[in-house]
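Report on the structure given below.
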């Protein structure tokens, strides 16, 4: 056939083959008889080109949708990128909402102090009563406003700051009045005797003479109002010591003695914590206290390490039912272990993981928290290495989980886990502390000395309860709770929506891509097999003539 007819030359079906043609030969002969596309009209070529580009564009689009969905599916199902991006918004960055909430917390904790009133010491010292009677008075509650000051961001992903605290009496939460009078141990005198017992006898005699004849303040108990006992009273020993310190040009830590006086005082102490910018799972971890990366209170390096959370954030990857988390307690010069207890509803459906202080947290026997002078009984923690040698002891309220010998000399102690445990509620996804109830008891131990005035009325080595404190946070303000609520529910819903949405989109786009490609293949084959009628007639005639 002539090329002018629009067809390529069609070979002789019979002449080119001996016997029956094979399938391959038939296919070859068929395509050799295809219309010559180059001879088609320009309009027809343009239509076919448009159809070609349209099909190619559809296939390209489906491939893009499939690959994008597949990538999203892999990210949502097999990585934590989505959650980590949410967590990154919680890092402490200057100018952010999180920074402002961290700098000046909108949640103002309530501090409630229960004072142990010693009601029968004269009768006990005379042997008329077998036990010391304790009357728990209070609580005396104060609203604490905290603000961080002198904030400095460091190049290593940490931030250094100081604290200022203000306290306002809350009569509606209190039981009693601030001018209530209580009889309590004379902490300054008991501490002076205990701290002096390791000095030489000559120095002890000199201190004893000063206490008896100059200061004239050797009573084992004092009568003081609740407010003054908490925020400071004019203690003779403290006043005399302050005057001596000034003469020697030494720093004076405080002029008045009070349980909360140091907490409310303006000090130059600083704390350094991680901001989470370098590692979001380390946000809130304490790295330095007053510029020091370790302590010198304990005999071994392990216990002197400064580590653990500051209480605002905890490493979220470690939050599970078998985890132990650590809180660094600056006043105790140590990190405290907390273990998982249960899941609780915090507020409006938001669920939290509750971790409580381990029952043996104050047991130091066999640990590096045991001072060289000897270990305290189980249930009390000796703070003397952290308190300049003062015989201060920390425990759960009412000696909860403590050795029975601790409460045996007293009448009026009733330990109850529901009332006296220390726990923290944490949002699992963010590792953010939703609420906490801190309960600690302050005690002091009697150490009689041969060369010092006698601490009358108390047997040697007895541990005296002084006060116990509860620091708790109520419901969050709406603006802060909204962030937690959306992090708990909205983010989780979006995560599930994206997980299943990307999986569905991947499957659907794959199916559409497969069937569209098959459709294009069928249409292309049909275009090849079905020729125009006039061309088919010419081709058939030509073949018949050759036959």
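Residue numbers (our numbering): 89 to 635.
Glycine included, C-beta positions come from ideal geometry on N, C-alpha and C.
Neighbourhood of residue i by C-beta, 7 Å cutoff - its chain only, sequence neighbours within 5 removed
i           : result
residue 472 : 459, 478, 479 and 480
residue 538 : none
residue 487 : 467, 494, 495, 501 and 503
residue 115 : Because residue 115 sits at a pLDDT of 45, beneath the cut-off of 50, its placement in the model cannot be relied upon, and the following sentence gives the value as read from the coordinates. Contacts found: none.
residue 543 : 278, 281, 308, 534 and 536
residue 434 : 440, 513, 522 and 523
residue 361 : 246, 247, 372, 373, 374, 375 and 398
residue 310 : 272 and 274
residue 597 : 150, 153, 154 and 157
residue 321 : 312, 344, 345 and 346
residue 296 : 539, 540 and 541
residue 411 : 428
residue 263 : 226 and 227
Closest residue to residue i among the options (Cα-Cα distance)
i           : options               : result
residue 507 : 346, 582, 385 and 444 : 444
residue 381 : 248, 461, 452 and 608 : 248
residue 358 : 181, 378, 259 and 374 : 378
residue 284 : 540, 564, 386 and 565 : 540
residue 302 : 320, 198 and 325      : 325
residue 516 : 321, 413 and 199      : 413
residue 201 : 236, 611, 526 and 566 : 526
residue 234 : 405, 246 and 198      : 198
residue 577 : 546, 518 and 528      : 518
residue 432 : 423, 511, 274 and 491 : 511
residue 226 : 238, 220, 260 and 219 : 260
residue 224 : 411, 409, 563 and 485 : 485
residue 583 : 315, 164, 144 and 505 : 164
residue 257 : 315, 242 and 222      : 315
residue 585 : 383, 161, 142 and 146 : 161
residue 237 : 529, 436 and 192      : 192
residue 145 : 611, 601 and 196      : 601
Rounded C-alpha distance that separates residue i from residue j
i           : j           : result
residue 605 : residue 581 : 35 Å
residue 386 : residue 475 : 12 Å
residue 641 : residue 439 : Coverage of the chain is limited to positions 89 through 635, which leaves residue 641 absent and any answer about it impossible.
residue 126 : residue 608 : Model confidence at residue 126 stands at a pLDDT of 49, short of 50, so the residue's coordinates are unreliable; what they give is reported in the following sentence. Taking the straight line joining both Cα atoms gives about 22 Å.
residue 452 : residue 298 : 36 Å
residue 464 : residue 447 : 16 Å
residue 253 : residue 187 : 18 Å
residue 599 : residue 149 : 14 Å
residue 184 : residue 190 : 10 Å
residue 182 : residue 137 : 58 Å
residue 497 : residue 219 : 5 Å
residue 545 : residue 213 : 5 Å
residue 215 : residue 222 : 16 Å
residue 489 : residue 450 : 9 Å
residue 408 : residue 573 : 20 Å
residue 406 : residue 428 : 11 Å
residue 368 : residue 142 : 48 Å
residue 350 : residue 421 : 16 Å
residue 567 : residue 437 : 17 Å
residue 470 : residue 505 : 22 Å
residue 418 : residue 588 : 46 Å
residue 570 : residue 243 : 32 Å
residue 563 : residue 454 : 40 Å
Proximal residues to residue i (C-beta, below 8 Å), its chain only, five neighbours per side dropped
i           : result
residue 548 : 534, 535 and 536
residue 531 : 468, 480, 481, 482, 483, 551, 552, 553 and 554
residue 390 : 456
residue 217 : 208 and 211
residue 384 : 392
residue 528 : 482, 483, 484, 485, 510, 556 and 557
C-beta contact flag for residue i and residue j at 8 Å
i           : j           : result
residue 521 : residue 399 : yes
residue 364 : residue 179 : yes
residue 394 : residue 416 : yes
residue 356 : residue 250 : yes
residue 345 : residue 306 : no
residue 289 : residue 565 : no
residue 403 : residue 370 : yes
residue 396 : residue 423 : yes
Cut-off 6 Å between Cβ atoms - residues of its own chain near residue i, not counting five sequence neighbours on either side
i           : result
residue 293 : 539
residue 348 : 318 and 319
residue 119 : The predicted model places residue 119 with a pLDDT of 47, which falls under 50 and marks its position as unreliable; any figure quoted below should be read in that light. So the list is empty, once near-sequence residues are dropped.
residue 366 : 245
> Hey, is the segment 203-219 in contact with the segment 265-274, meaning 3+ C-beta pairs nearer than 8 Å?
Replying inline: With three or more CB-CB distances shorter than 8 Å, the segment 203-219 counts as touching the segment 265-274.
>> Does the segment 554-567 come into contact with the segment 585-592, if we say contact requires no fewer than three beta-carbon pairs (one atom in each stretch) closer than 8 Å?
In response: no
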